[in-house]
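Residue numbers (our numbering), protein chains in the order written: chain A, 7 to 308; chain B, 700 to 800. By construction, the Cβ of each residue, glycine as well, lies at the ideal position given by its N, Cα and C atoms. Keep in mind the model is a prediction, meaning the values are calculated, not measured. I have placed the structure first, in the form of structure tokens, so that the comments after it can refer back to it.
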């Protein structure tokens, strides 16, 4: 952690004031996390409903900040505009419209509230205690029982990003999936290269290599991918499974395009997710019609 | 990724637990609905965390759809509250016991 921080400050040049060292993205994340938990707690416990709404506003803005830190710029903007802007104003509007006198005089919780505390705590504990199912290589080695010598060549089952796809630069990583458990020492940046089109002589070097699913999936994470066309080249001779069978005799090549982060979300929404996107608009339309029918219904009859 | 996905998931679980508590404990029906919004936000947080962890934009797109469904839910839910309020003023859930056997 300390070395990471010193790396960060060293890369930024002369701004190595001691006070600046503490303002890292990690510190910002933990501040936002603590603030969002605190404002959520205050939101569900305040007696005055308007105060609750204001604490929910604080929660939404802090969650938007977390989205920004996690590389979801577009979602952060949508969070502020749609959640904090539209949805919350709708809530406050209805709250004011109903004009609830004496709301503060009534008990804020039902008499069953200890059970609600238990339910909330046990749900959070349930989610927190679920073991890591990500298939990350841990301490236990996979059990391999070889009764027949493995002479079958492995194959590539999938590369993410897919061939010819477009993706945002906030996802600076590639993943290659294999049909068999691969020899981990052959899954190197030299054997699986990511080549930018503008500078084909210099394949990018990953900052992090993760091998998952007992060696069936490798993920290379890069420092940053600038908007450009990229090519993934997998050397068929040198990438082998654990028995030493090579992928093939030829190189596997694969290309994709990196655009800016918001453009990446747009390409996903209007490309592979075009139909779900249209269905979401239908859902919204049905909800608008439903809300109008619900609110207007009786007035129209009389 | 600036923090591990586990931290994001833990934060999401805590926020979801607070939302569950709020939904079950509050008596005001509007505050029960806003607790649902807190839960939806927690889910969005874990979707974005997974999206970063796996380097896959689909998680963010799914979070966008969750926001769209949340907007639809708010429209219908608050419409229901206004229709209920017309029949029986007030926003306490204890008063809505007409269907109780």
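| Asked | Found |
| --- | --- |
| Within this structure, are the beta carbons of residue 161(A) and residue 262(A) separated by less than 7 Å? | no |
| For the beta strand (DSSP E) that residue 258(A) lies in, which residues bound it at each end? | 258-265 |
| Taking residue 68(A) as the reference, which of 46(A), 80(A) and 51(A) has the closest Cα? | 46(A) |
| Rounded to whole angstroms, what's the CA-CA distance from residue 118(A) to residue 276(A)? Just pull it up for me. | 47 Å |
| Using a beta-carbon distance cut-off of less than 7 Å, what residues from the region 277-294 of chain A approach chain B? | 279, 282, 286, 289, 290, 293 and 294 |
| Using a C-beta cutoff of 7 Å, does residue 728(B) count as contacting chain A? | no |
| What's the gap between the Cα of residue 70(A) and the Cα of residue 82(A)? | 5 Å |
| How many Å lie between residue 141(A) and residue 249(A) at the Cα? | Residue placement at residue 141(A) is flagged as unreliable, the pLDDT there being 47, under the threshold of 50; a coordinate-derived value is accordingly withheld. |
| Thinking C-alpha only, which one of 797(B), 728(B), 789(B) and 759(B) is nearest residue 268(A)? | 759(B) |
| Whole angstroms is fine: what's the gap from residue 225(A)'s alpha carbon to residue 63(A)'s? | 37 Å |
| Where does residue 130(A) sit, in a helix, a strand or coil, going by DSSP? | helix |
| Looking at the ligand SAM, does it come within less than 6 Å of residue 251(A), judged from the CB to the closest heavy atom? | Looking for the ligand SAM in the displayed structure turns up nothing, as the structure carries no ligands at all. |
| Could you please give the first and the last residue of the uninterrupted alpha helix (DSSP H) stretch that includes residue 36(A)? | 31-51 |
| Does DSSP put residue 97(A) in a helix, a strand or coil? | helix |
| If residue 289(A) sits next to residue 762(B), beta carbons under 8 Å apart, how far is it from one beta carbon to the other, in whole angstroms? | Contact doesn't hold; Cβ gap of about 16 Å is too wide. |
| Return the first residue and the last residue of the beta strand (DSSP E) that residue 179(A) is part of. | 179-184 |
| Given 8 Å as the limit, is there contact between the region 228-242 of chain A and the region 165-181 of chain A, that is, 3 or more CB pairs closer than that? | yes |
| By how many angstroms is the C-alpha of residue 74(A) removed from the C-alpha of residue 121(A)? | 36 Å |
| Have a look at residue 125(A) and residue 101(A) and give me their C-alpha separation to the nearest angstrom. | 27 Å |
| Quick check on residue 179(A) - is its C-beta less than 7 Å from some C-beta in chain B? | yes |
| Three Cβ pairs or more, each shorter than 8 Å: is that satisfied between the region 287-302 of chain A and the region 724-733 of chain B? | no |
| If we count the other Cβ atoms within 10 Å of its Cβ and call it buried at 16 or more, is residue 205(A) buried or exposed? | exposed |
| I need the straight-line Cα distance from residue 39(A) to residue 247(A), nearest angstrom please. | 42 Å |
| How would you list, in chain order, the residues of chain A whose beta-carbon sits under 9 Å from the beta-carbon of residue 744(B)? | 42, 69, 72, 73 and 76 |
| If you count every other CB in all the chains shown that lies within 10 Å of the CB of residue 196(A), and 16 or more means buried, which is it? | exposed |
| Taking the beta carbon of residue 778(B) as the centre, do at least 16 other beta carbons fall within 10 Å, making it buried, or is it exposed? | buried |
| I want to verify the contact list: residues of chain A whose CB lies under 8 Å from the CB of residue 796(B), in sequence order. | Correct list: empty, because the minimum Cβ distance to chain A is about 13 Å. |
| Measure the C-alpha to C-alpha separation of residue 148(A) and residue 115(A) and round it to an integer number of angstroms. | With a pLDDT of only 47 at residue 148(A), under 50, the local geometry of the prediction cannot be trusted, and the value read off the model is given with reservation. Distance between the alpha carbons of residue 148(A) and residue 115(A): 51 Å. |
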